[in-house]
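Working notes, structure below.
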Amino acid sequence: MTIAEIGKLEQSERFRPYEELATESSKISVDDIAGAATDNEKESECGHQGVDSLFIEFIPIGKDKYLPLRKPLRTSYVDPLTLRLEDWEIEFKVDEDFRQLVIRKYLDLLAKASNGLLTEAEEIQWLNIIEYVDYKEYRAQYEQPRFVWAEVVNDDLAPAIKTFDGTLLHLLTDFESLGFGWLRKGDFISCRVIFSQDNCIEKITDIETLPKLLVEVASDLPNWLKFNEQQESQD
Amino acid sequence: MTERHFDNPPIIRRCYGVYIAPNDIEFARGIEKWNKLAPERFPESKQNTRWNITFVPRVHQNPPRMEQVPKAIISHDYYESSPEDCAFSMSVKRNSLFFHWRRIPGQSSRGDFDDLRDKIDENIKLVAGALSVENVLGIETHYHNRITYAQYPKFYTSKKSLKLGEIIRHFASYNFKHKGYGPPNCSVQIHFAENISGNFSISKANIPDDQGLGINVDFQVQYRVKDQCPMSDVIAKMEESREYIHKMFRDMFTDAARKSFK
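Sequences listed follow chains A and B, in order. Here the first sequence stands for residues 2 to 236, numbered as in my numbering. Here the second sequence stands for residues -11 to 250, numbered as in my numbering.
Next comes the structure, spelled out in structure tokens:
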């Protein structure tokens, strides 16, 4: 969700009727987040039709780490002050921030699953839970970036870079959306990359273009050293 | 007085509500108590969850993301008949109690406060009693109107071209001829008196494309109680709020529009 989109949501907030306006104007209902703030949704709010599912993109774990979600969380009613998170088997008080409970449950089950310690009941729960989390994105946060020199190439499938040993690495997104729209085919770059499990680039940072001379030298280093020695001896 | 009785009114929804502050235990016990009494008046009921999300910037991340902090709100909703075709319903939340009337096509009920007063008064006292609430913190009234081509074709040059200047007085004072209305939304906050504020807003109605362009014209009055207001005064305050809405209605809609509502 872009800042511009969020700006729109805030604008739509002003037209939301009564009840929430009287509480905190900075709050935005999930109806609005669904992107529409349409009148049908406003009406349904008027008509107090609820949404029992919540879509948030990620839950912060701490520092820069987060749990990326790819499916709406669904709740069911337990009692006037308690809700239950379906599939996660978490009950929480309405006033409570349930996100930490989600994190705890996920990390606990992930650790058990990695070590083959899941009980039968936990295994069923784990199979439900993994549907909610984008594991690739989650895992990529813990991968160490690797420094590479590469040439920008574009094949039919997607933007890609070709490393000096000839490996072709596809990007999961294009350069423009990363803010590197000025990169052209044939440019040489240095960058840090995190690979996904299927050898795509999960994350690419610190992109810098390399001067052609430097690339030529690097790709033919023995001859260049020889040439330099000759020059020095002539001097 | 006569102004209130239109044969072709634009109203599609009216809401009357109060803000309350029971403690958690009182609320939990009270709602269970009310659930036992409610079926007599509201045969259908269900609990809905809504989410408020506050956006918080996270500056440490690369790229920066907006953190979404969710907060759940449970709404206990009670209907006089099935939720789909029910005109009068009630919604109880942790901090509020609202009555909703909506226009159902084919039903003659106007949903005017005069018709609903007794129902609201009776139910508000019962719920407040169940929740052990004696005072309210605020009172709110909301009227939701809609102008559509199907209902008011004379204000349209075509299905998608509305002559807004002929409906809303404040758009009528331009020296130029209106050609149509685009969908920019606008909202005006109004100060009526100390503790009484209002809100007037226009927004594009989300109706199917083949029905053309429709607009919502909403009026809202909030009565903030300085100290605390006893339940027995609520109906009088709601009537007062309703008067302000009628004033806004008369002020915002042009004479021609009000004539076409008759």
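Ideal Cβ positions, reconstructed from N, Cα and C, are used throughout, including at glycine. Remember, it's a predicted structure, so these values are computed and weren't measured experimentally.
Handout entry: With 16 other Cβ atoms within 10 Å as the buried cut-off, status of residue 25 of chain A
Key = Here residue 25 of chain A refers to the residue found at position 24 when the first sequence is read from its first residue. Its pLDDT being 33, under 50, residue 25 of chain A is placed unreliably by the model, and nothing is read from it.
Exercise for the section: Determine whether the Cβ of residue 30 of chain B lies closer than 8 angstroms to any Cβ atom of chain A. Expected result: Taking the second sequence and counting its residues from 1, the one referred to as residue 30 of chain B is at position 42. Judged by the 8 angstroms Cβ criterion, residue 30 of chain B is not in contact with chain A.
Practice task
Could you tell me whether the Cβ of residue 53 of chain B comes closer than 8 angstroms to any Cβ of chain A?
Solution key: Against the second sequence, residue 53 of chain B aligns to sequence position 65. Using a CB distance cut-off of 8 angstroms, residue 53 of chain B counts as an interface residue toward chain A.
Exercise for the section: Run down chain B in chain order and give the residues with a C-beta less than 8 angstroms from the C-beta of residue 57 of chain A. Expected result: Residue 57 of chain A sits at position 56 when you count from the first residue of the first sequence. Contacts between residue 57 of chain A and chain B, judged by CB atoms closer than 8 angstroms, involve 41, 56, 58 in chain order.
Handout entry: Neighbour flag for residue 224 of chain B against chain A, beta carbons, 8 angstroms
Key = Start at 1 with the first residue of the second sequence, and residue 224 of chain B comes out as number 236. The C-beta of residue 224 of chain B comes no closer than 8 angstroms to any C-beta of chain A.
Exercise for the section: Could you list the residues in the region 106 to 122 of chain B with a C-beta less than 8 angstroms from some C-beta on chain A, going in chain order? Expected result: The residues in question: there are none.
Handout entry: Residue nearest to residue 69 of chain A in terms of C-alpha spacing, selected from A:217, A:134, A:223
Key = Working through the first sequence from its first residue, we reach residue 69 of chain A at position 68. The residue among A:217, A:134, A:223 with its C-alpha nearest the C-alpha of residue 69 of chain A is A:134.
Exercise for the section: Check whether the region 169 to 182 of chain A touches the region 103 to 118 of chain A, taking contact to mean three or more Cβ pairs, one atom from each stretch, closer than 8 angstroms. Expected result: No contact exists between the region 169 to 182 of chain A and the region 103 to 118 of chain A.
Handout entry: For residue 184 of chain B, the first and last residue of its enclosing beta strand (DSSP E)
Key = Here residue 184 of chain B is taken as the residue at index 196 of the second sequence, counted from 1. Per DSSP, residue 184 of chain B is one residue of the beta strand (DSSP E) stretching across 184 to 192.
Exercise for the section: Please report the residue range of the beta strand (DSSP E) in which residue 68 of chain A lies. Expected result: For this step, residue 68 of chain A is matched to residue 67 along the first sequence. Following the DSSP letters along the chain, one finds residue 68 of chain A inside the beta strand (DSSP E) bounded by residues 66 to 69.
Practice task
Give a yes or no on whether the minimum CB-CB distance between residue 15 of chain B and chain A is below 8 angstroms.
Solution key: Here the question's residue 15 of chain B lines up with position 27 in the second sequence. Interface residue, yes.
Handout entry: DSSP three-state assignment for residue 89 of chain A, whether helix, strand or coil
Key = Working through the first sequence from its first residue, we reach residue 89 of chain A at position 88. Residue 89 of chain A falls in the coil class under three-state DSSP.
Practice task
List in chain order: all unbroken beta strand (DSSP E) runs of 3+ residues lying wholly within the region 198 to 226 of chain B.
Solution key: If we require 3 residues or more, the beta strand (DSSP E) runs fully inside the region 198 to 226 of chain B come out as 203 to 218.
Problem - CB contact below 8 angstroms: residue 95 of chain A versus chain B - result: As a first step, residue 95 of chain A is located in the first sequence; it is residue number 94 there, counting from the start. Chain B contact via Cβ: present.
Practice task
Identify each residue in the region 206 to 232 of chain A for which the Cβ-Cβ distance to at least one residue of chain B is less than 8 angstroms, and report them in chain order.
Solution key: So the list reads 206, given in the order they occur along the chain.
Exercise for the section: Could you pull the start and end residues of the alpha helix (DSSP H) that residue 5 of chain B belongs to? Expected result: In the second sequence, the residue the question calls residue 5 of chain B occupies position 17. Note, residue 5 of chain B: premise wrong, no alpha helix (DSSP H); beta strand (DSSP E) at -1 to 7.
Exercise for the section: Give a yes or no on whether the minimum CB-CB distance between residue 143 of chain A and chain B is below 8 angstroms. Expected result: Counted from its first residue, the first sequence places residue 143 of chain A at position 142. Closer than 8 angstroms: no.
Practice task
Round the Cβ separation of residue 103 of chain A and residue 60 of chain A to the nearest angstrom and send it over; I've been treating them as touching at under 8 angstroms.
Solution key: For the purposes of this step, residue 103 of chain A is taken as residue 102 along the first sequence, with counting starting at 1. For the purposes of this step, residue 60 of chain A is taken as residue 59 along the first sequence, with counting starting at 1. Yes, they are in contact, since the Cβ atoms of residue 103 of chain A and residue 60 of chain A sit about 6 angstroms apart, within 8 angstroms.
Exercise for the section: Would you kindly work out how many angstroms separate the C-alpha atoms of residue 157 of chain B and residue 5 of chain B, rounded to a whole number? Expected result: If you number the second sequence from 1, residue 157 of chain B lands on position 169. If you number the second sequence from 1, residue 5 of chain B lands on position 17. Between residue 157 of chain B and residue 5 of chain B, the C-alpha separation is close to 29 angstroms.
Practice task
Name, please, each residue of chain B whose Cβ falls closer than 8 angstroms to the Cβ of residue 76 of chain A.
Solution key: For the purposes of this step, residue 76 of chain A is taken as the residue at position 75 of the first sequence. Those within 8 angstroms of residue 76 of chain A in chain B are 37, 60.
Handout entry: Length of the line joining the Cα atoms of residue 26 of chain B and residue 138 of chain A
Key = As a working note, residue 26 of chain B is residue 38 in the second sequence. As a working note, residue 138 of chain A is residue 137 in the first sequence. The alpha-carbon atoms of residue 26 of chain B and residue 138 of chain A are separated by roughly 48 angstroms.
Practice task
Check the Cβ-Cβ distances between residue 102 of chain A and every residue of chain C, and say whether any is below 8 angstroms.
Solution key: Looking for chain C here will not work: the only protein chains present are A and B.
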